[in-house]
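Here the structure is laid out as structure tokens; the discussion comes afterwards.
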Amino acid sequence: MKFEVIDTEPRNITVELDNTECFMPSEAVKVMVNDIEYHAENRNVFSIGGLEPDKEYEVSIIDHEGICERKVIKTSYESVLLDVSEFGAVGDGKNDDTAYIQAAISSCPLDGTVYLGKGTFLSGPLFLKSGVHIWIDKGATLLGKTDRQSYPILPGMTLYTDETAEFNLGTWEGNPLSCFAALITGINVHDVKIFGEGTIDGNAQSGDWWINPKEKAGAWRPRLIFLKECSNVTVQGITVQNSPSWTIHPYYSEAINLIGLSIKNPDNSPNTDGIDPESCSDVNIIGTTISVGDDCIAIKSGKYYMALRHYKNTSNITVRNCRLNRGHGSVTVGSECAGGVNGVKVTRCLFDSTDRGLRIKTRRGRGEKSILQNILFENIKMENVRMPFTINMFYFCDPDGHSEYCQSKEFMEVNEMTPSIKDITARNIECAGVDVCLITVYGLPESKVEEVTLENIKAIYMDEKDRTPEVPVMMDGIDKMSGRGIFVRNTKKLVIRDVEVTGAVDSEPDISGTDICDIENVKLG
């Protein structure tokens, strides 16, 4: 059984099986460390803990047929281990441990690790330090305080003293607005690892973060982990739950690795997206499970002001071997995408019981820099995903979302406010339990979706008696659907090959406003 080492920490390593399965192997594999049986694993991505820093280990992985691969792996260097309890942290879930944990982080030298052992550490926001790692061990919980006064405010925008430029800290839904600092906040830090088998719990259900969520109260709601202008940051292994809003939010950052996480928020919690890389490059989301109250993964690049004044395209996003379970969309691009998105690859994932699978959403007003391109979904299994593929250029977000400008289906002049979608590809995908529509595409008449490709797709609809008619994309002027197959409006080129749909009410694709149709071996019904 071939495998790759994808992450090394001072105290553990993470490996990824080299197979073609989605999220988990067909049968569990045996893991050996220095010829001693470690445990059996039934995921494609897993960690091996209980190791010592800067030490070599021989790791063997044996599949059900007895095929074995061995590798010698060295854990990363650690200069010192600082236990927060030695700084005064109590870990009883009642006393405020913020200052003691922050003191440990601030005091820790380069390549050192701050250690949270067994216990519940009640804390307000903590600020990361470059070159310092945080180990949240099994049985440890970092628990967020519920009092808003305990959360510093990050100003949205501040002028530099010479008034020649702007300094941005806070953000809310794509605009530079004041927000509360996250429980874990990184500002311009690099070479940081947060790892372990413990939990970061935002404790939002115990406060008022989810009450009147669209109203600003002092500042906008915090994220649980916020990384602003950070680089080479890894978050590995931990459980992250009960976030006040978006859970993990890399912002204007690069080289971010989110590996083997478990992200959990109640399904009725407002805007609690799992992971939202915004204006970022080189982000890897691997081996992670997400079950939240909104989109599982939402890839963004801000609204028009940020693209105009602080332009940074989002690029090179990899999502692999993840299980995305419950939420509005499995992997979403937009809607705050004024800076554009170039290069998204989603592969070997399991989408389970989300409303939508691939979800692209934009609108007039995002601007000419809002170019969505090079987006690939392949080798994916969807189970009970009601609408597997949706592409919508009339998304009705923001105060003017229902205006004539945003929702008119008439041709409008192409100008600096017009977004575009270049190419979206989905291939080698199995969908079971489809409900509303297999694929819905609705481009702008003046800015058609340039190319949509579906190849080797097999879809089975749920029983007709179990279906619930619904509008497939969030826009005005579209009817509810049930059991539909292929519904496409306003594309330049539509390629559909080797698509087999069982249980749809359509016998032919419903296509309008498409310039070139390349349809081959499509079976509907």
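According to the working numbering, the sequence shown is numbered sequentially starting from 442.
A virtual CB, placed ideally from N, CA and C, is assigned to each residue, including glycine.
- For S564, the enclosing beta strand (DSSP E) begins and ends at 560 to 564.
- Around the beta-carbon of K744, 16 or more other beta-carbon atoms lie within 10 Å, marking it buried.
- In this structure the region 812 to 830 does not touch the region 841 to 855; the number of beta carbon pairs closer than 8 Å is below three.
- The three-state secondary structure of F835, taken from DSSP, is coil.
- A straight-line Cα-Cα distance of about 19 Å links Y902 and D920.
- Nearest C-alpha to D642 among L665, R589, I937: L665.
- Taken in chain order, the unbroken stretches of beta strand (DSSP E) that lie wholly in the region 670 to 714 and span 3 residues or more are 672 to 677, 680 to 682, 689 to 692, 695 to 700, 703 to 705.
- DSSP places A544 inside the alpha helix (DSSP H), whose first and last residues are 539 to 548.
- Under the 10 Å beta carbon count, L624 is surrounded by 16 or more other beta carbons and is classified as buried.
- By the 16-neighbour rule on beta-carbons within 10 angstroms, E614 is buried.
- Taking the C-beta atoms as reference points, L765 is found nearer than 8 Å to S771.
- When secondary structure is reduced to three states using DSSP, D907 falls in the helix class.
- Counting only unbroken stretches of 4 or more residues, no alpha helix (DSSP H) element lies wholly within the region 778 to 827.
- With respect to M828, T881 sits close: the two C-beta atoms are nearer than 8 Å.
- Contact check for R789 against E445 fails: the beta carbons are separated by 8 Å or more.
- Cβ contact annotation for G627 (same chain, cutoff 6 Å, sequence separation greater than five): L569, L668, C671, in chain order.
- Of all C-beta pairs linking the region 446 to 454 to the region 486 to 496, three or more are shorter than 8 Å, placing the two stretches in contact.
- Using a Cβ distance threshold of 8 Å, D735 and T713 count as a contacting pair.
- Pairing I697 with D723, the inter-Cα distance amounts to about 7 Å.
- Within the same chain, and ignoring the five residues on either side of Y541 in sequence, the residues whose Cβ sits closer than 7 Å to its Cβ are V525, F528, G529, A530.
- The beta carbons of R804 and H769 sit about 17 Å from each other, so the pair does not count as a contact at 8 Å.
- Setting aside the 5 residues that flank it on each side, S811 is surrounded in the same chain by S742, A748, C778, A779, G780, G781, T803, P860, S861, each with a C-beta closer than 8 Å to its C-beta; the list follows chain order.
- Per DSSP, the continuous alpha helix (DSSP H) segment holding L749 begins and ends at 745 to 750.
- Taking every protein chain shown into account, the CB of H843 has fewer than 16 other CB atoms within 10 angstroms, so this residue is exposed.
- A873 places its beta carbon 8 Å or farther from that of V942.
- In the structure shown, A622 adopts coil according to DSSP, grouped into three states.
- One Cα belongs to L618, the other to W661, and the distance between them is close to 8 Å.
- Listed in chain order, the non-local C-beta contacts of L551 below 6 Å within the same chain comprise G572, local neighbours out to five positions each way being set aside.
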